[in-house]
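Here is the structure we will look at, set down as structure tokens.
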Amino acid sequence: MDQGLRPPLRPKPSNIEYEERQEPVSDNIQIRKSCSWLCSRIEKLVLCNKYREAMDLFEIFELQDGFEVDNSTYDALVSACVGLRSVRNVKRVFNYMISTGFEPDLYLMNRVLLMHIKCGMMVDACKLFDEMPERDMVSWMTMIGGLVDSGNYPEAFRLFLCMWEELNDGRPRTFATMVRASAGLGLVQVGRQVHSCALKMGVCDDIFVSCALIDMYSKCGVIEDAHRVFDKILEKTTVSWNNIIAAYALHGYSEEALSMYYDMRDSGAKMDHFTISIVIRICARLASLEHAKQAHAALVRRGYGSDLVANSALVDFYSKWGRMEDARHVFDRMLCKNVISWNALIAGYGNHGMGEEAIEMFEQMLRERMNPNHVTFLAVLSACSYSGLSDQGWEIFHSMIRDHKIKPRAMHYACMIELLGREGQLDEAFALIRSAPFKPTLNMWAAFLTACRMHKNLELGKLAAEKLCAMEPEKLSNYLVLLNIYNSSGKLREAAGVLQALKRKGLRMLPACTWIEVNKQPYAFLCGDKSHSQTPELYRKVDSLMTEISRHEA
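My numbering puts the sequence shown at residues 38 to 591.
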């Protein structure tokens with residue numbers, strides 16, 4: 038759809054042929070004045086993905102009068118602009134086309150339209166589309182697809198209706214694009230209308246339409262409809278399986294998602310790195326180490342051992358499990374690393390009290406010229422907080438703006454407040470809250486309240502609790518922390534007042550829940566649960582174990 042009905046390309050020259058004919062721009066000015074030679078050279082440079090060199094050569098056309106560029110050379114220049122994603126080069130090529138009075142055919146005009154869209158010049162693209170003397174299906178779908186990709190869903194639907202009136206053409210890719218627009222709007226009613234039109238046009242059997250529908254219903258929260266669409270696909274592809282597994286995982290149906298993964302495996306469908314990366318994330322939610330190991334083995338067995346996405350998911354999984362040696366092993370074997378993989382490892386070290394290692398990885402990340410982002414700083418500041426590294430935390434916090442031009446967000450302030458609070462520096466933490474360049478958030482006050490409880494500072498704790506209760510009057514945890522502060526300080530009357538406030542608001546404490554896996558089967562437990570038939574025996578065993586633990590600690 039992006040390329041339109043592109044004419045056959047010339048055979049790509051071999052590297053040897055290209056190297057033999059490559060000549061410096063400054064040599065032999067007589068040869069350079071040969072327009073046909075310049076056009077041929079530009080086209081060959083683009084075929085070799087040497088986009089910058091092609092645009093450098095195009096400068097000769099801009100400086101010399103009387104040169105004529107044909108359709109195939111303009112097509113190559115468009116490809117160079119798209120490859121470079123350069124607004125400046127788009128303007129150079131398009132302005133030259135206009136200044137020389139060149140009249141492109143419909144194919145090239147569609148390519149010029151695509152060039153503007155791919156480089157993010159949507160206003161210019163809309164103007165160009167409106168002024169096109171002739172438009173075909175490719176023109177319409179290029180423009181509509183660009184609007185959907187840029188998030189302008191209402192305008193995409195308006196243009197779709199105009200296209201329908203003008204062409205009355207219901208191709209599968211058209212409906213797949215409009216289903217994506219419905220998903221972007223998050224309106225299942227609109228998506229169902231598009232689905233109904235696709236049914237009437239008989240295009241729902243198309244795999245692209247079906248996959249788009251699964252994704253749309255999933256994003257709109259209608260997982261049952263997504264599964265119905267999936268069940269009607271006669272020949273299920275890897276993408277369709279990935280979509281339905283991701284749909285279940287997105288809405289927290291981790292066990293169902295894992296079951297779908299095994300159905301996919303049993304069906305003989307080919308799994309790719311996206312399949313396995315989704316499964317690894319599902320295993321992280323289910324706290325299933327055994328299933329994750331199987332997914333890791335499948336990743337290596339199927340030849341995706343160096344895949345960036347799947348390996349980043351593995352680093353994240355092993356880090357959350359506390360298996361930092363495994364996480365580091367996967368990380369070190371990655372041929373290519375991105376900021377996500379670095380962040381996962383740094384966060385893993387930090388979450389398990391290995392603050393020094395987290396800082397070491399952060400410094401190594403900087404040495405390897407990988408630019409940190411907000412998540413990186415959140416991970417390393419959290420590591421400093423958990424490990425009590427206040428001096429290093431302050432230095433990293435100040436380096437955000439000083440060295441990396443990243444403005445700290447509320448979450449970074451909350452980390453620093455927690456760090457100072459753990460060290461008992463409550464006055465400094467309170468000063469940091471007051472100095473923030475924005476209104477203090479819930480997380481900032483919550484971190485401060487927790488610190489006040491830890492160090493039994495009743496005055497500041499009461500202030501923080503009042504702020505939190507005013508911002509979230511129905512949140513139980515705010516009252517519970519204040520209740521604990523009063524109880525630990527011997528303020529029983531004030532504690533009773535908090536309990537009365539909870540009763541008036543109808544708030545009650547929900548039992549905590551935990552999981553354990555035995556023989557590959559996960560089991561859930563609620564605090565205080567007595568529904569099991571062997572409850573007396575279970576609690577006697579728990580009491581016995583607690584007695585042994587106390588004796589051992591003593």
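Glycine included, C-beta positions come from ideal geometry on N, C-alpha and C.
All figures in this text were calculated on a predicted structure; none of them were measured in a lab.
- Rounded to the nearest angstrom, the Cβ distance from GLY385 to SER424 is 13 Å, too far for a contact under 8 Å.
- Fully enclosed beta strand (DSSP E) runs of no fewer than 3 residues are not present anywhere in the stretch 297–352.
- Annotation: ILE270 is outside any alpha helix (DSSP H) and is labelled neither H nor E by DSSP.
- Cβ atoms of PHE104 and CYS72 come within 8 Å of each other, at about 5 Å.
- Under the three-state reduction of DSSP, LEU536 is assigned to helix.
- Excluding sequence positions up to five before and after MET297, its CB lies within less than 8 Å of the CB of TRP278, ILE281, ILE282 and TYR285, all in the same chain and listed in chain order.
- With fewer than 16 other Cβ atoms inside 10 Å of its own Cβ, ALA561 counts as exposed.
- Between VAL367 and ALA395, the C-beta gap is not smaller than 7 Å, which leaves the two residues out of contact.
- Bounds of the alpha helix (DSSP H) holding TYR523 are 513–525.
- ILE377 is the residue among ILE377, ARG338, ALA324 and VAL337 whose C-alpha sits nearest the C-alpha of ALA350.
- Between ALA364 and ILE313, the gap from beta carbon to beta carbon reaches 7 Å or more.
- Exposure of GLU585 is indicated by the presence of fewer than 16 other C-beta atoms within 10 angstroms of its C-beta.
- By the 16-neighbour rule on beta-carbons within 10 angstroms, VAL518 is buried.
- Between the beta-carbon of VAL185 and that of GLY138 there is about 34 Å, and that puts the pair past the 8 Å contact cut.
- A residue is called buried when at least 16 other Cβ atoms come within 10 angstroms of its Cβ; PRO445 meets this threshold and is buried.
- With respect to the 7 Å criterion, VAL266 and LEU287 are not classified as neighbours on the basis of their beta carbons.
- The beta carbon of MET301 lies closer than 6 Å to those of TRP278 in the same chain, with the five residues before and after it left out.
- Assignment of ASN205 by DSSP, reduced to helix, strand and coil, places it in the coil class.
- By the neighbour-count definition (other C-beta atoms within 10 Å, threshold 16), CYS373 is an exposed residue.
- Secondary structure at TRP358: coil, using DSSP grouped into helix, strand and coil.
- Between MET152 and CYS118, the C-beta spacing is below 7 Å.
- Shown here, PHE197 sits in a helix according to DSSP, grouped into three states.
- Residues TYR450, MET453, ILE454 and LEU457 of the same chain have their beta carbon placed closer than 8 Å to that of LEU469, with the five preceding and five following residues left out of the count.
- By the beta-carbon neighbour count (other beta carbons within 10 angstroms, threshold 16), ILE135 is exposed.
- Going by C-alpha positions, LYS330 is about 55 Å away from CYS76.
- The DSSP-derived three-state label of ASP142 is coil.
- ILE438 counts as exposed, since fewer than 16 other beta carbons sit within 10 angstroms of its beta carbon.
- Sequence-distant partners of THR274 (beyond 5 residues in either direction) whose C-beta falls short of 7 Å from its own C-beta, in its chain, are ILE244.
- Around the beta carbon of TYR576, fewer than 16 other beta carbons lie within 10 angstroms, which makes this residue exposed.
- In this chain, the alpha helix (DSSP H) harbouring VAL160 covers 159–167.
- Counted as a single uninterrupted DSSP element, the stretch harbouring LEU426 is not any alpha helix (DSSP H), since DSSP gives it neither H nor E.
- Fewer than three pairs of CB atoms, one per stretch, sit closer than 8 Å, so the stretch 403–421 makes no contact with the stretch 474–482.
- Nearest neighbour of TRP358 by Cα position, chosen from ASN388, MET180, ARG370 and VAL316, turns out to be ASN388.
- Straight through space, the alpha carbons of GLY228 and THR214 are spaced by roughly 11 Å.
- In this structure, the CA atom of VAL535 is about 14 Å from the CA atom of LEU495.
- Comparing alpha-carbon positions, the option among SER325, LEU100 and VAL115 lying closest to LEU84 turns out to be VAL115.
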